[in-house]
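I have placed the structure first, in the form of structure tokens, so that the comments after it can refer back to it.
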Amino acid sequence: LAGCTCTTGMSARWRHLCAVPRIWATSSQLLSSSTCSRLIEACRPAIMKEAASAAYLEFGVDYRSIPISACGPRACAAFEESRVKEHVATTTGLACCADAHIMVARGALVSSFSAGGVMNLHHDRHKNDIRVATFMVYLSDVSGGGGETFFPVANTPADDALAATLRDEYARGQRLIARGSEAARECEVRLHQWRGRGDGDAGPGVGIRPAAGHAIVFDVAGDGGSDGSWHAPCLLREPGDEKWTLTFFQSPTQIWSSILTDG
479 LAGCTCTTGM
489 SARWRHLCAV
499 PRIWATSSQL
509 LSSSTCSRLI
519 EACRPAIMKE
529 AASAAYLEFG
539 VDYRSIPISA
549 CGPRACAAFE
559 ESRVKEHVAT
569 TTGLACCADA
579 HIMVARGALV
589 SSFSAGGVMN
599 LHHDRHKNDI
609 RVATFMVYLS
619 DVSGGGGETF
629 FPVANTPADD
639 ALAATLRDEY
649 ARGQRLIARG
659 SEAARECEVR
669 LHQWRGRGDG
679 DAGPGVGIRP
689 AAGHAIVFDV
699 AGDGGSDGSW
709 HAPCLLREPG
719 DEKWTLTFFQ
729 SPTQIWSSIL
739 TDG
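In short: position in the sequence shown from 1, add 478, done, that's the working numbering.
Written out as structure tokens, the structure reads:
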């Protein structure tokens, strides 16, 4: 795809990872590294006051997430200065939702016994059934590896067993599958296979490695959404590493812009 220029002045190029559901990722920075660093440091005081999720602390992960609007005036100012909200709206064709649907998150590995696997397997409609697209910006690099976003049934055949399981779970209203379940274990198998092959090689699942200023956008509704949109946030590999993200949960009816459809 041709480069698309954000209002920050950065020019991002997008690469197509999956057709059904639509998954795209940038192959160049959307936000500069310095902009990402300003956002992280502005958000850090508020997010570190938030209690870490007890469910993830059980397997050595310190995970905290709050709305960007709860991070205080300095963070909100840095967010507005980044102009990223305008770019999200341009890319998805949707006006950004209320700030409660724009979340900043920080994850860190505090124990290495679970390093390298997945935190969980989930669908982004697990908290809100009107979401139609997710746009996530990675704010940090991960020096020690891990931290990918992995879609275990993207680019799989229609009769794929894990895809069928996830469709059934979605139909039952179950949108979050815990680490250690059979489906999550199969996801981890596919994750390790994906890590072991080249990005251009065919195989079940696609993933995106975190890099500061890069972004991903994907459908959570429509064709393939009930199975292909399930994804796993992957654990970091090195204690002390941090992964920061800024995520926009978009709704209602989706109209993707010509930036991603090339006209």
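Every residue, glycine too, gets a C-beta built ideally from N, C-alpha and C. Computed from a predicted model, the values in this text were never measured in an experiment.
Boundaries of the alpha helix (DSSP H) around T570: V562 to T570. The residue from E716, R715 and F696 with its alpha-carbon nearest to that of S707 is F696. In this structure G595 is not in contact with R542, their Cβ atoms being roughly 20 Å apart against a cut-off of 8 Å.
Shown here, S543 sits in a strand according to DSSP, grouped into three states. Between S621 and D540, the C-beta spacing is not below 8 Å. Note that the segment 516-524 does not touch the segment 489-497; fewer than 3 beta-carbon pairs, one per stretch, sit closer than 8 Å. In this chain, the alpha helix (DSSP H) harbouring H670 covers E660 to G674. By the Cβ-count criterion, K721 is buried, with 16 or more other Cβ atoms from all chains shown falling within 10 Å of its own Cβ. Per the coordinates, the alpha-carbon of A529 lies some 19 Å from the alpha-carbon of L713.
Cβ-Cβ separation between V588 and I544: approximately 19 Å, too far for a contact (criterion under 8 Å).
Taking the Cα positions, R645 is about 15 Å away from E664.
By the Cβ criterion, the segment 607-624 is not in contact with the segment 634-650, since fewer than three pairs of Cβ atoms, one from each stretch, lie closer than 8 Å. Contact between W672 and F727 is absent: CB atoms are separated by about 25 Å, not below the 8 Å threshold.
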